[in-house]
Structures are given as C-alpha cells and as structure tokens.
Amino acid sequence: MSMQTILLKQHIGAPCEPVVAAGDQVQRGTLIAKPAGLGANIHASVSGKVAAVTETAIQIEADAEQPDDFVSIEGETNLELLKAAGLVGMGGAGFPTAVKLNVDLKGGYILVNAAECEPVLEHNMQQIRTKADMTVRGIKYIMEICNADHGVIAIKAKHEKEVAILNEAIKGDDKLSIHLLPDLYPMGEERAVVREVLGTLLDPTQLPSAADAVVINVETVLRAAEAIELHRPAITKNITVIGKLKGGPQAHVFMDVPVGTTVGELIERAGGIDGEYGEIILGGPFTGSATTLDTPITKTTGGIIVTQPFEDLKGKKVGLLVCACGGNENRMRDIAAKMNGEVISVQKCKQAAEIKGALKCENPGNCPGQAQKCINFKKDGCEDIIIGNCSDCTNTVMGSAPKLGLAVHHQTDHVLQTVGKEVMRYLTTSKKLEEAPAEAPAQESPEPHKAEAEKPAVKYTATVNDGMLRIHIEEGKDINIEFPFH
Amino acid sequence: MSITAETAQEHKNDPAVLCCRLEAGNQIQPANLEDPAIFDDLVDSGLLNLDGCLKISQVLGATLTKTCDSLSPITADAVDKIQEEEEEAPALEAAPEEAPAPAPAVSVAGPVSGGTLKIHIGEGKEINIEIPMGFSGGNGVAVAPVAAPAEMKDEQNAEEPAKVVRSVTRKHYAISEVKRGPETKIDGTVLYIREGIEEEAVASQELVHELKLDIITPDKYNTYSETIMDVQPIAAKEGEDEIGSGVTRVLDGVIMMVTGTDDNGVQIGEFGSSEGILEENIMWNRPGAPDKGEIFIKTEVTIKEGTNMERPGPLAAHAATDVITQEIREALKKLEDDSLVVNTETFEQVRRPGKKKVVIVKEIMGQGAMHDNLILPVEPVGVLGAKPNVDLGNVPVVVSPVEVLDGCIHALTCIGPASKEMSRHYWREPLVLETLHDPEVDLCGVILVGSPQINSEKFYVSKRVGMTCEAMDVDGAFVTTEGFGNNHIDFASHIEQIGMRGISVVGMSFCAKQGALVVGNKYMTNMVDNNKSEGGIENEVLACNTLCHEDAIRALNMLKVQMNGGKVKAAEKQWNPNVKANNVELISNVTGKPIELVPNETSLPMSKKRKEKYS
Chain A
1 MSMQTILLKQ HIGAPCEPVV AAGDQVQRGT LIAKPAGLGA NIHASVSGKV AAVTETAIQI
61 EADAEQPDDF VSIEGETNLE LLKAAGLVGM GGAGFPTAVK LNVDLKGGYI LVNAAECEPV
121 LEHNMQQIRT KADMTVRGIK YIMEICNADH GVIAIKAKHE KEVAILNEAI KGDDKLSIHL
181 LPDLYPMGEE RAVVREVLGT LLDPTQLPSA ADAVVINVET VLRAAEAIEL HRPAITKNIT
241 VIGKLKGGPQ AHVFMDVPVG TTVGELIERA GGIDGEYGEI ILGGPFTGSA TTLDTPITKT
301 TGGIIVTQPF EDLKGKKVGL LVCACGGNEN RMRDIAAKMN GEVISVQKCK QAAEIKGALK
361 CENPGNCPGQ AQKCINFKKD GCEDIIIGNC SDCTNTVMGS APKLGLAVHH QTDHVLQTVG
421 KEVMRYLTTS KKLEEAPAEA PAQESPEPHK AEAEKPAVKY TATVNDGMLR IHIEEGKDIN
481 IEFPFH
Chain B
1 MSITAETAQE HKNDPAVLCC RLEAGNQIQP ANLEDPAIFD DLVDSGLLNL DGCLKISQVL
61 GATLTKTCDS LSPITADAVD KIQEEEEEAP ALEAAPEEAP APAPAVSVAG PVSGGTLKIH
121 IGEGKEINIE IPMGFSGGNG VAVAPVAAPA EMKDEQNAEE PAKVVRSVTR KHYAISEVKR
181 GPETKIDGTV LYIREGIEEE AVASQELVHE LKLDIITPDK YNTYSETIMD VQPIAAKEGE
241 DEIGSGVTRV LDGVIMMVTG TDDNGVQIGE FGSSEGILEE NIMWNRPGAP DKGEIFIKTE
301 VTIKEGTNME RPGPLAAHAA TDVITQEIRE ALKKLEDDSL VVNTETFEQV RRPGKKKVVI
361 VKEIMGQGAM HDNLILPVEP VGVLGAKPNV DLGNVPVVVS PVEVLDGCIH ALTCIGPASK
421 EMSRHYWREP LVLETLHDPE VDLCGVILVG SPQINSEKFY VSKRVGMTCE AMDVDGAFVT
481 TEGFGNNHID FASHIEQIGM RGISVVGMSF CAKQGALVVG NKYMTNMVDN NKSEGGIENE
541 VLACNTLCHE DAIRALNMLK VQMNGGKVKA AEKQWNPNVK ANNVELISNV TGKPIELVPN
601 ETSLPMSKKR KEKYS
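Chains as they are written, first to last, in the UniProt record's numbering: chain A, 1 to 486; chain B, 1 to 615.
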C-alpha cells in the first residue's frame, strides 16, 4: 500500500509534537503526535512503518494488509475519551472538541449542524442515512457532557428523506428536536445556526455559549459516539468527491477514509479526472481553496472538487467583492488570475468584520445592501466583477451590477456549472419556511434580538461635598428626584 | 447600504428604498433601507426611480405587503399602512450611536413647585446633578441640564444702539496719464515715474537680476505679458495714520501689476500661470483684477534661476516692485491740493449689539513660495513692516474688516490665477463689504488663517480657528478660501471646528467641476461655489473664479437662514450651475433688488492656450 502523510496541524492551535521517530512500527490507532498547547492528539490512520518525520508531517509506509481493528483509546470520563481520541470540529474549523465541550450549559442547547451548507457536498446526508442512531446517541453523550437539556438538529428542509430518518431516530425523546432550515447559503455558519434556531443574533466576537449553546458538526457528533462507545480514535473522515470525473459529475461519497490519504488517490477511486480541468478544490465551493493531487486529507477535509476549465475573461478589468461567506481576498485573487482577469478594485462587504485575522459576517445570510459597492466598482473602471457572497447578498448585487453594465461572476460558478447546477445569481427561495412538518417541533422564526445583559435597576451615588449635593446616576429609567428646600 | 436608526432619523424625509430583498410580512426596519446619500448616484446610473416613493418616516414600522427586491422604492401599495408623521420625538435627536434602541440620551424635566425641586428623568445614562446645599428658594436656576434657548440675545439687547468702532476714509485721486520723467510726482491727473528707478529696484534685492517697467494703457492690452503675480492698488496713509484708521489716499485709474520669470524664462508659478496676451488672460473688473480702462504700471521682474518656486524668489519680485510703488506713495502723500480729490468714501465698522454676531474667516495661502501673504504692512498693500503669514506659523490673525479694506494684506499668489485672491481683492473684498453694510448682522472681525503645506499643521491652525470663534462667541461664521485641492483639507477642517461648536457656518470656495471637494464633514452643509467659468474649471484667467458680489450675497443670505434656524437644501451630487441661478433669483425676489451676474471668460477674446487646453 501507499505512503500516508499525516499532517501535524489538523486543527486550530499549534502543530502537534511527534512522539514517534522514523523507523518505528505503528498500528492503526497508535498515538503518533501530541498537542503542544491548544490542539488534539493525532493517531496513525494505518498500520505500518514511520518513513519520515518532518516539521509538518509524519509519513507512514502502510502495510499491504490493513487490520479492521485499531489501538483503543483510554479515558475515565466521556470527555477524556474525546480528548484522547483527538477529536476536532469536522465541519472545517478544526477546533479541539474536548476543549469546546468542556462547558456547563446549565440546561442550554446542543445545536447539531447538519446544514451541509456548501453546495455539492453530500457526505453529511449519507451519514444520516446510514448512521442515524449512532449520531443521535452522540448527541445525547454531548448533552450530558455539557449539561444541556435540549438537543436540536439543524437540517435543511429539502432533505426530506434524512429528516424523516432523524425523526424516527429521536422519537420518544422530548429533549431532542429538529429545526428545519431554508435552502440558502449560509445556514451552517455557527452564528447563523444559533440565530436560526434560537433567534439570537450574536456579535461576530461572541461564542454560541453567550446564548447557552454549543454548535457542533454532525460528523463530529458521530465521531464522538465512536470514541465513547468503541474507544476509537479520530483516524478517518467522510469525504465527498465530485466534479469533472470520468463517469459523470455525480457525487462520490467515501465513508471512513483514513486521514493522510491523498486527494489524488480519492479522485482515482472516484473514477479519475475527465480530461481538461480548471482546478481542484479542497473543501466546499465557497470556503475551500485550490489544492494539488498529492495533498493529504485531514480530520477537517470535507470535499474534493474537480472543476471544469475557467471562463477566460481575456484580461478584462475585474473587481472583487470580498465577504465573510466566501473566499478571502487571496482566494478571490487566485480565481481572478485563473479567469485571466486584471484585478483593479477590491471591495469588502459592509458586514464583513475582521475578527482575529479572519472575516466574519455580522449577520450571516442577511444582506446589508451592495449598491454602493457596485457603484464603486463602476467608478473604478471595472468591466466584470467576481463575488463570493451569500445567496441574499448575491441577489442584491444582481439588483444593481448588471444595470451598471458590470458582468457578474460568482466564485462558485465553475463548480456549479461542472455539476450541472444553477449558478448563484437571483434569489428565489424564501428565507422563511412555509410550514414545518407536524413531527418537527420548535419550528419558529423569532425575530433575531441582540443578546443583551439584563438591565440593572437604577444605580446611583449621592455625596455631599463643599456644600454641594452631588448625585451621580449611572443608568436608569423613570427616575424621580425630589428635593425640598427652605 | 443599510442604515442605522440614527441615519434613518436624519433622513426621515428622504425616500425609502429597500437596500436588499425583503419578503412580504416583514416589518420595515432602518437596516432594510438603502442610504439616501447614494441615491443621486443610483438615479444617475438608472438604478433607481423614485416616483411615488414614500418617505422613510412613513414606512418605518410598517409591514411590507409584497416581497420586493433590492433597490425597490417603497410605494404606498407595498405597505400595510403609511405611518403617521410622528411628533418630533426628542428621543431620536440625541440618541448616541451605540444605543441599541432609539432611546433618549437624557430627558429631564425639572420644575420647581412649592418648596420642592422635582426632577424627573425618563431615561438616561451617566447623569450628574449638583445642587448647592445653601440653595434657598427663589428662582430655580440650579436645575442645570435643561437646555436653555440661546436665542434670547435678540430681544434682550434690541434697544442697544449700533456703535461705530472704527472707520477709514479713502480719498480718491484720479490719474489719467502715467509718464516717465526726472522725478516721481503727481501733477494734476498725471503721474510721473522717475526714469532709472528700475536700477534701484533691482539693486534692492539680491535675487532680482532685471526689472522692466511698462506702462500699459488700454491700447496696449493686446500685448504679451509674463504671468501676472499681483494686482495692487496704489495707496498711502495720510500723515501718521495707520492701516485700519484715519485717512488713506488712493490713485484711481491706475494699478500696480507684478509679473515675472526666472533667468531661464520659467514663469514664477509655472504650472497654472496667466502669461499671454493681457486682454485674453484678465477677467476685467473682478475685485482682485484691473478694471477695463485702467492703466497698469507693470513690472517684469527677472529673478535668479530656479528661485521661482522657493520662498525668497517671488518675495524679491514683490519687494523690488514695491520700491517703485513706495516712491509713488511718497509722491501721493505730498499732495496738498485737496481739489484733486475726486471722491471720498468712508468705511465704518459698525458693531450692532443684539444682532447676530458673525465673523469672516479668510483662509489665505500659506504653503510658502508664492503662496504667502504679507500681513499688516505700514502702507496699504506695502511690504515694509508686514509679517509673512508663513513665518507666523499660519495661525489665525484677527483683523478688523476695515483693516482688510485698507490693504492689510499684500498677497503673493500665482499658481491657479483664476481662483486666487490678488492684493486688490482684499481692498475691495465683496463679502467684507456686504456683511459690513448689512444692518441685520453684527460683523465683529475677520480672521486671517494661512493654509499650511503639512496636514498636521493644517489641523493645528484649524483648531485655533475653532477656538478663536468660540472665544468670540459668534452666532455665525463664513469660511472663504482661494485655490482648490490641498487647501480644501483645512478649509473643511475650519468648517468642522466651527460647526462642532454649534456655530452656523457657510463655506465659500471655487469648486464646480475641477475643484470638487475631496474631503467633507457633516458641518459642510451650506456651501457657496465661487465658480464663474463656463465649464466649471480653473481656466488660468486672472481672478475669473474669485469671490464676487453675487457670491457674497448668497453666502450672507445662507448664513442668515441658518442662524435663524432655517435649513439649506442639500447640494446636488453633480455640479449644476442652475443651483446658483436659482438662489440668485430667490434672493433677488425677496430683496427686490436685481442681481446682475458678472461675465466670465467667454466675454474675452480666446487665447491660444485656452483654445488648446480647455476647448
């Protein structure tokens, strides 16, 4: 079998420190690297011999015969098991799960993110179809760890079959419910899930815990159940491979792919690239970025997309509308270069707030208006614009850009065209769902309100000094002061 | 882009347009509305048609009855009901930006009834109340935070009489001919200039290598001249009188004109200069320009090569010219025959207590080189005794309006001649004259402030301007500037510093097309454009776009409107000369006085340069 390259950084935090050396024999599940600071354990995803340890990765020459079993992890509590398993957020963020779940929600909510929001990815839905029971057990374990009274699975209403399966799986447990989401991008963004389910709009700097909630990806939930019930380390990942492949553009879902498998191997397993192509994306069309065939997958990889060749803009003057929902400026510039456009203007969506170096949307999926940006593009002399916006913002851009004579391209165009889907342009789907299915409770769309501390009663101080009575009132309502004088 | 509750309140009478798609059944919030600031652009681009659009105040809180896409104007058929104009809720006006809800910062009512001071606060933050303990009844003035109306001055002081604080008398001597002769003298209406005076003028300045003196009579208006650096009245104080008081003698029918190049023939102020055929490059009868028919005593000064863009070069050209002017002044001072006085006029600075107190802030060039001004010379528009405002650090200098009219500024300007104020401009400054003579306002002074080169210095001086206005306790201020571009940074900052102190303020500048403001702030709502040119450009025709009577009356009326609580309609996005035409017509309708607009460059023969550059 081949060489597995296991990256030392598969999570938010510092790279792990290797605990094996070249020449060591490892089993499937052997701990090979430990966190240095924030991070999560990394285990061998195959049995074999460590071929090399570099600064960034451990390479394992896999044995020809691979066992079905694995080296079990150990831990006293469920949380310890998750930590030992090296579990990280599998939706893409890669935040160490044991750190995230080490919180007392005091009866709050576990919000399971099954939005599978990036268009064309399908492995989350396949998981629900095949492993619903174990997934639901995972939710219960996590509720217990975090002291949550409610578990809510957020899933798009269009996945009727999966919704039905989940309804069956949670039947009889009144702590669990399903919240249906409209088919819009983005719905899976952490704060979007909180807003949609709980009606609380968090600031970009706030964590879901500000709303007594933890948002967790549906695959992470399943892997948590595996760690707790089977003492299985996080060594595999579910992957969707799709695009310009021999045999057609339909999705190939591979369950339990060993971490360290290369993009190239998976594409081959899906049939291989069909002739000329544009780029290979690691991740989804919105938030993924271009990759190469020899790149290994990690615990956070979700999609591998082979696209058709890019449209050639023949050196036209291009403007980029960067927002938090799509690619960052580097990714947008990458796409512009591949489309042979000359970038002469970069505008940032008004709602894209820079938090710790990354862009976050202040109100994901609800547009703040884009007409000014389009006018700016026009003033700067753009002919075409490339946007990475969400469904709502894209619709707004379409309200002005074409009338200004700006040709609009969306950063997902080449992906959606490859798989024969309609490109992102005008919005036709409602943000609200018409009617929730009877079996799905808690289907409300409360108006988002800002999370806010309780108003204190009137706080004041009164002092007498230098013959003056000084009253200072910090804040209050309906204050009456009466002062008799003689 | 979406707006805040505060912006919505500011624009409550503007059209309500959705910034984004909004579905039926949603209540309309400020965040759903597009910023009216970009409507002009949107309309221009054909993105927006505001026909039938409701006002923002009419739609906020209403429910949308049909799903509308972005940039849809909200019309009556799209909402469940049109919101009634609410009574001016004091709430929204004072709401700080961070406030989550449109709540009042503080609203206080504090009546004193019986023997009890009662204060009720509806809602507020960080409230401090101080009450003297010895406070023993009578009037309840200790209730501090109730905003006292500041408008009481008018009634209180209405009876106080106007007072003349300072005056200057100008005696005019007519000159019909200028000749060269053995001595400089005035004989009847003939001015003689001593032959050979040029040599002394050259010798007086190290950097001046040559000086040519030409007497330009109207028949020589069609001759070539180097760039016109200044136009100056020829005037002298009588006896021991100082600028701004006493008697000033001035020659009519003749002016001094400074022109020049460096040794290499480079114009002093090359890059936007007015060299060429005189009659093609002078906008006659502008306050700062020669009047048609006048005789020019024109010096053509050649200065050391390369010094044309440094401070000492242009200054030397002016100083050398002033050697000649000074000798004429001496001759003028010697005249004893009062029968030669053809006209006498007196400029009085009248203080009018009880009237709205106003000040004129004149931003003058202060970047150095030819962008300098000599302030308060001994003789009107002289050199001796004056301090360059660059050397004064460009800080504000307060002068009397009468000092301005008496030649307290000797201007060094050149680049961009169409919008620069020559020395003669101040001598006949229309805004000063108009405001001085308006019985409805109390002009307390003129603040001269230089425009420094460096941004940090610009803000340094503008803060001093604000503080000076604060100390003067004025109700209103004009801010004028000359030129355009770089100086607009401090021009805008002056207006901001004045406006933030609650003082009404009107700005005056050449803007139009070429000089469009590059900076702005929320106090720049009342602006008067000094443009006269056909195309809205700096056309290099001397004084074409400088402040004229027609601009002064617009500014004065605008300031009065604002000081009396009125509002000036917001400017259009694009330069539109009709705005001026409409305002002039409005003013003339109200005052009953027709206003004749001055001609522009189209009344002049077209120069070759203008043909090539601007047509």
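Positions of the beta carbon are idealized from the N, C-alpha and C atoms, including for glycine.
With a threshold of 6 Å on Cβ separation, who are the neighbours of residue i within its own chain once the five nearest residues in sequence on each side are excluded?
i              : result
residue 144(B) : Low per-residue confidence applies at residue 144(B): pLDDT is 31, beneath 50, and the placement is therefore not dependable, though the value from the model is reported in the following sentence. None.
residue 31(B)  : 2
residue 452(A) : Residue placement at residue 452(A) cannot be trusted, given a pLDDT of 43 that sits under 50; what the coordinates show is reported in the next sentence. Result list for residue 452(A): empty, nothing under 6 Å.
residue 139(B) : Residue placement at residue 139(B) is poorly supported in this model, since its pLDDT is 36, which falls under 50; the coordinates are not used for a value here.
Identify the contact partners of residue i in chain B, using a Cβ-Cβ distance below 9 Å as the criterion.
i              : result
residue 396(A) : 19, 20, 21, 69, 70, 71
residue 350(A) : 1, 2
So which residues of chain B does residue i contact, with C-beta pairs closer than 7 Å?
i              : result
residue 430(A) : 23
residue 399(A) : 69, 70, 71
residue 433(A) : In chain order: nothing, as chain B lies at least about 12 Å away.
Ordered along the chain, which non-local residues of its own chain (more than five positions away) have a Cβ less than 7 Å from that of residue i?
i              : result
residue 264(A) : 293, 294
residue 496(B) : 521, 523
residue 377(A) : 319, 345, 347, 385, 406
Report the three-state DSSP secondary structure of residue i (helix, strand or coil).
i              : result
residue 218(B) : helix
residue 337(A) : helix
residue 234(B) : coil
residue 582(B) : helix
residue 120(B) : strand
residue 466(B) : helix
residue 510(B) : coil
residue 426(A) : coil
residue 111(B) : Bear in mind that the predicted position of residue 111(B) carries a pLDDT of just 46, short of 50, making it unreliable; the figure below should be weighed with that in mind. Three-state DSSP puts residue 111(B) in coil, outside helix and strand.
residue 166(A) : helix
Taking residue i as the query, report the chain B residues whose CB atoms sit under 8 Å from its CB, ordered along the chain.
i              : result
residue 392(A) : 20, 21
residue 404(A) : 45, 47
residue 345(A) : Within 8 Å Cβ-Cβ: nothing; residue 345(A) doesn't reach chain B, min ~16 Å.
residue 385(A) : Here the premise fails: no neighbours, minimum Cβ distance about 15 Å.
Starting from the beta carbon of residue i, find every residue of chain A whose beta carbon is closer than 8 Å, and list them in chain order.
i             : result
residue 34(B) : 369, 371
Hey, residue i and residue j: beta-carbon distance below 8 Å or not?
i              : j              : result
residue 115(A) : residue 193(A) : yes
residue 364(A) : residue 191(A) : yes
residue 296(B) : residue 175(B) : no
residue 349(B) : residue 166(B) : yes
residue 471(A) : residue 129(B) : yes
residue 325(A) : residue 374(A) : no
residue 71(B)  : residue 33(B)  : no
residue 197(B) : residue 324(B) : yes
residue 360(B) : residue 435(B) : yes
Kindly list the residues whose CB is nearer than 8 Å to the CB of residue i, restricted to its own chain and excluding five residues on each side of it in sequence; keep chain order.
i              : result
residue 394(B) : 366, 449, 450, 451, 452, 457, 461
residue 425(A) : 394, 395, 398, 408, 410
Would you mind telling me which residues of chain A sit closer than 7 Å to residue i, beta carbon to beta carbon, in chain order?
i              : result
residue 41(B)  : 375
residue 38(B)  : 371, 372, 375
residue 627(B) : Nothing about residue 627(B) can be read from this structure; chain B reaches only from 1 to 615.
In chain A, which residues lie with their C-beta within 9 Å of the C-beta of residue i?
i              : result
residue 128(B) : 470, 471, 472, 473
Looking at the ligand SAH, does it come within less than 7 Å of residue i, judged from the CB to the closest heavy atom?
i              : result
residue 209(B) : Although the ligand SAH was asked about, the structure shown includes no ligands whatsoever.
- Entirely enclosed beta strand (DSSP E) segments - the region 355-396 of chain B, minimum 3 residues: Listed in chain order, the beta strand (DSSP E) runs fully inside the region 355-396 of chain B are 356-365, 372-375, counting runs of at least 3 residues.
- Task: List in chain order: all unbroken beta strand (DSSP E) runs of 3+ residues lying wholly within the region 271-337 of chain B.
- Result: Within the region 271-337 of chain B, the complete beta strand (DSSP E) runs of at least 3 residues are 295-303.
- Task: Scan the region 403-430 of chain B and note each continuous alpha helix (DSSP H) run of 4 residues or more that stays entirely inside, going in chain order.
- Result: Complete alpha helix (DSSP H) runs here, min 4: 423-427.
- Message: Please give me, in chain order, every unbroken run of the beta strand (DSSP E) with length at least 3 that falls completely inside the region 92-127 of chain A.
- Response: 108-114
- Which residue spans inside the region 6-45 of chain B form an unbroken alpha helix (DSSP H) run of at least 4? Qualifying alpha helix (DSSP H) stretches, in chain order: 39-44.
- Query: What are the uninterrupted segments assigned as alpha helix (DSSP H) that are 4 or more residues long and contained completely in the region 218-254 of chain A, given in chain order?
  - Reply: Within the region 218-254 of chain A, the complete alpha helix (DSSP H) runs of at least 4 residues are 218-230.
- Message: I'd like the ranges of any beta strand (DSSP E) spanning at least 3 consecutive residues and lying wholly in the region 261-331 of chain A.
- Response: Taking only runs of at least 3 residues, the beta strand (DSSP E) segments lying wholly in the region 261-331 of chain A are 280-282, 289-291, 303-306, 317-322.
- Mind pulling the beta strand (DSSP E) runs of 3 or more residues that sit fully within the region 17-99 of chain A? Runs of beta strand (DSSP E) with 3 or more residues, each lying fully within the region 17-99 of chain A, are found at 31-34, 48-53, 57-62, listed in chain order.
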